[in-house]
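**Student:** Top line first, the protein sequences correspond to chains A and B. Counting with the numbering used here, you get residues 5 to 159 for the letters of the first sequence. Counting with the numbering used here, you get residues 784 to 898 for the letters of the second sequence. Here a beta-carbon is modelled for each residue, glycine too, at the ideal position from N, C-alpha and C. Just so you know, these numbers come straight off a predicted model, no measurement behind them.
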Amino acid sequence: MESSRIEKRIELAAPASRVWRALTDYREFGEWFKVKLHGPFIPGQVSRGQITYPGYEHITWEARVERMEPEHLFSFYWPHVQSFEKTGNPVDYSSAPRTLVEFRLEPIHIGTLLLLTESGFDSIPAEWRPEAFRRNDGGWTEQMKNIESHVTQNP
Amino acid sequence: MSHKIRKRITAKPKARARVFAALGDKTRLALVATLCSGEPCSISQLSQESKITRQAITKHLRVLERAGIVRSSHAGRERIFQFDPEPIEGLQAYLSSVSKQWDQTLARLKSHVEK
Chain A
5 MESSRIEKRI ELAAPASRVW RALTDYREFG EWFKVKLHGP FIPGQVSRGQ ITYPGYEHIT
65 WEARVERMEP EHLFSFYWPH VQSFEKTGNP VDYSSAPRTL VEFRLEPIHI GTLLLLTESG
125 FDSIPAEWRP EAFRRNDGGW TEQMKNIESH VTQNP
Chain B
784 MSHKIRKRIT AKPKARARVF AALGDKTRLA LVATLCSGEP CSISQLSQES KITRQAITKH
844 LRVLERAGIV RSSHAGRERI FQFDPEPIEG LQAYLSSVSK QWDQTLARLK SHVEK
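(1) Please determine if the stretch 847–860 of chain B and the stretch 96–109 of chain A are in contact, where contact requires at least 3 C-beta pairs separated by less than 8 Å.
(2) Taking its Cβ as the centre, do 16 or more other Cβ atoms sit within 10 Å of SER51(A), making it buried, or is it exposed?
(3) Report the rounded CA-to-CA distance for PHE803(B) versus ALA876(B), giving the unit in angstroms.
(4) In this structure, how does DSSP classify ARG13(A) when only helix, strand and coil are distinguished?
(5) Which residue marks the beginning of the alpha helix (DSSP H) containing GLY34(A), and which one marks its end?
(6) Where does VAL2(A) fall in DSSP's three states?
(7) What does DSSP give as the partner residue(s) for GLU106(A) in the beta ladder?
(8) For LYS842(B), does the count of other Cβ atoms within 10 angstroms reach 16, so buried, or fall short, so exposed?
(9) So that I know if they touch, is there some Cβ in chain B lying closer than 8 Å to that of GLU135(A)?
(10) Shortest alpha-carbon distance to LEU847(B) belongs to which of LEU818(B), TRP885(B) and LYS898(B)?
(11) Could you check how far apart the C-beta atoms of GLU66(A) and PRO47(A) are, in whole angstroms? I think they sit under 8 Å.
(12) Where do the N-terminal and C-terminal ends of the beta strand (DSSP E) with VAL50(A) fall, by residue?
(13) Rounded to whole angstroms, what is the Cα-Cα separation between CYS824(B) and ARG811(B)?
(14) Would you mind telling me which residues of chain B sit closer than 9 Å to LYS12(A), beta carbon to beta carbon, in chain order?
(15) Quick one: does the C-beta of SER894(B) sit closer than 7 Å to a heavy atom of the ligand NAP?
(16) Starting from VAL846(B), find everything on chain A with Cβ-Cβ shorter than 8 Å and list it in chain order.
(17) Which chain A residues are close to HIS895(B), counting only those with a beta carbon under 7 Å from its beta carbon?
(18) Put VAL69(A) into one of helix, strand or coil per three-state DSSP.
Encoded structure:
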């Protein structure tokens, strides 16, 4: 279902081998993703670490690596929680809904085209929305157009 | 529909599928379009704008109400229907917040591999 996935594409001026290393070497991944991981990514295994992004250092990072096809596809499942409030306890991911994150690499003239998709949002409760959106009454007309095109394109 | 019931419905993937199923019909989509762009309407007001019968409209409104997209209240002898954006708006809002985080994360990846 189109309305329940995120798709991004970004052109990177670096060869696929370089991008692959940045994505799958756990230390390099940690640098730009802002997480200190405990060990390497291994398909089928859970990767854990500690977020290093300022203000979010109390959060544990967790993902289950799905596929690693060199210079082509890196994917993992990760949990979503409604709130990352500081409670003093580690975040409980045991019953959290999970989405699938996929990084796909394609060679292009300037280097690498990176396609990111995150899918599986159907399992996320609809009431998980930021306070800002709760107050926002506008934007519905736009949503109607989205829904209309969704139902006409996927009868 | 009470907030509690709505919460229960929207929290379930099955309920979300019901929302989309409810909208996957031309007549119902037209009813929602009418209701979301204006004031709450009675069944007779809604049937004036449509070629289909009052009974058929009532049936379609019931499907929308079960999905939580519209809710009704009594005004004298009439039932008034009102649009409720919450079931679908919630998911879209969450998606757009995750989407914004990805923009920032990918920008960091870009500067990381291009430096």
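**Tutor:** In short:
(1) no
(2) The residue given as residue 51(A) occupies position 47 in the first sequence. That one is buried.
(3) Counting from 1 along the second sequence, the entry for residue 803(B) is found at position 20. Counting from 1 along the second sequence, the entry for residue 876(B) is found at position 93. When rounded, the distance between both Cα atoms is 16 Å.
(4) As a working mapping, residue 13(A) is identified with position 9 in the first sequence. Strand.
(5) In the first sequence, the residue the question calls residue 34(A) occupies position 30. Per DSSP, GLY34(A) belongs to the alpha helix (DSSP H) from 30–37.
(6) Any property of residue 2(A) remains undetermined from this structure, which presents chain A solely from 5 to 159.
(7) The residue given as residue 106(A) occupies position 102 in the first sequence. DSSP output for GLU106(A) lists SER79(A) and THR121(A) as bridge partner(s).
(8) Here residue 842(B) refers to the residue found at position 59 of the second sequence. Flag for LYS842(B) reads exposed.
(9) For this step, residue 135(A) is matched to residue 131 along the first sequence. Only weak support is given to the placement of GLU135(A): the predicted model assigns it a pLDDT of 39, under 50, and the value that follows is read from those uncertain coordinates. Not an interface residue.
(10) Walking along the second sequence from the start, residue 847(B) turns up at place 64. Checking every option, the nearest Cα to that of LEU847(B) belongs to LEU818(B).
(11) Indexing the first sequence from 1 puts residue 66(A) at position 62. Indexing the first sequence from 1 puts residue 47(A) at position 43. Not a contact, Cβ separation roughly 16 Å.
(12) As a first step, residue 50(A) is located in the first sequence; it is residue number 46 there, counting from the start. VAL50(A) -> beta strand (DSSP E) spans 50–55.
(13) As a working note, residue 824(B) is residue 41 in the second sequence. As a working note, residue 811(B) is residue 28 in the second sequence. Their backbone Cα atoms lie some 14 Å apart in a straight line.
(14) By 1-based counting over the first sequence, the position of residue 12(A) is 8. The answer, in chain order, is SER882, TRP885, ASP886 and LEU889.
(15) The ligand NAP is not part of the structure shown, which contains no ligands of any sort.
(16) The sequence position of residue 846(B) within the second sequence is 63, counting from 1. Simply none; closest approach about 14 Å.
(17) As a working note, residue 895(B) is residue 112 in the second sequence. Those are ALA26, GLU35 and TRP36, listed as they occur along chain A.
(18) Within the first sequence, residue 69(A) is the residue found at index 65, counting from 1. Strand at VAL69(A).
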